[in-house]
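Novice: If you're matching positions, the sequence shown starts at 549 in this note's numbering and goes up one per residue.
Idealized CB from N, CA, C, for every residue including glycine.
Note that the coordinates shown come from a computational prediction; the quantities given were computed from them, not determined experimentally.
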Amino acid sequence: MASRSNIATKARKRAEADFTTWLMMAKLGGFDGLPPTAQSFLIAYRARLDTMSEAESTELAIREVYAAYYTEMGGEGAAPERQVRKPTPDGNVIQLQKRPSAQSLSAHHSTTPSTRKMLRALLIFAAMVALIVLYRFVTD
């Protein structure tokens with residue numbers, strides 16, 4: 549049996565994807581084609597739009613769908629809430645990698661596969677132009 553966090557992750561992703569799809573289908577006029585559960589979630593979402601912002605109503609609707617999916621997938625108890633990362637105290641961000649120097653960047657770009665492909669294409673184009681010019685010169 550899958551772990552609690554694994555079920556929660558799958559349920560969260562599915563809830564976000566499904567609700568977004570349902571909302572888009574409803575906006576495009578396909579509300580009647582949605583399953584009854586989707587329609588009920590969307591009706592509750594629309595009712596909340598009178599009292600709260602669209603972002604808050606969307607987040608709440610996704611939480612409701614997530615809780616339903618969590619139970620449906622075999623999760624026990626209440627669906628766990630998403631762990632929100634705490635901001636760093638002073639807003640400091642730790643940089644994990646050093647930026648490459650400008651000299652190493654230019655050396656790297658001259659040998660990349662895309663540069664070689666561009667040079668190959670340019671040479672083929674130049675050869676074709678030369679052949680066309682040579683053909684016109686010979687035929688005239």
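Using the C-alpha atoms, what's the distance from Phe589 back to Glu602?
Specialist: For the purposes of this step, residue 602 is taken as the residue at position 54 of the sequence shown. For the purposes of this step, residue 589 is taken as the residue at position 41 of the sequence shown. Answer to the nearest angstrom: the Cα atoms are 14 Å apart.
Novice: Are the CB atoms of Pro661 and Ala556 within a distance shorter than 8 Å?
Specialist: Here residue 556 refers to the residue found at position 8 when the sequence shown is read from its first residue. Here residue 661 refers to the residue found at position 113 when the sequence shown is read from its first residue. Result no, Cβ atoms of Ala556 and Pro661 do not sit closer than 8 Å.
Novice: How big is the Cα-Cα spacing for Pro584 and Leu576?
Specialist: Against the sequence shown, residue 584 aligns to sequence position 36. Against the sequence shown, residue 576 aligns to sequence position 28. Straight-line Cα distance between these residues: approximately 17 Å.
Novice: Counting only the same chain and skipping the five closest in sequence on each side, list residues whose C-beta sits under 7 Å from that of Arg562.
Specialist: Within the sequence shown, residue 562 is the residue found at index 14, counting from 1. For Arg562, where only same-chain residues beyond five positions count, the Cβ hits under 7 Å are Tyr617.
Novice: If we count the other Cβ atoms within 10 Å of its Cβ and call it buried at 16 or more, is Ala543 buried or exposed?
Specialist: Here the chain covers residues 549 to 688 and nothing more, so residue 543 does not appear.
Novice: Considering only residues of the same chain and omitting the five flanking positions on each side of Val613, which have a CB-CB separation below 7 Å?
Specialist: As a working mapping, residue 613 is identified with position 65 in the sequence shown. Within the same chain, Val613 has close Cβ partners Ala563, Asp566, Phe567 and Phe589.
Novice: To the nearest angstrom, report how far apart Arg611 and Asp580 are at their CA atoms.
Specialist: Along the sequence shown, read from residue 1 onward, the residue named residue 611 stands at position 63. Along the sequence shown, read from residue 1 onward, the residue named residue 580 stands at position 32. Whole-angstrom Cα-Cα distance: 23 Å.
Novice: Looking at the structure shown, is Asp688 part of a helix, part of a strand, or coil, going by DSSP?
Specialist: Counted from its first residue, the sequence shown places residue 688 at position 140. It is coil, neither helix nor strand.
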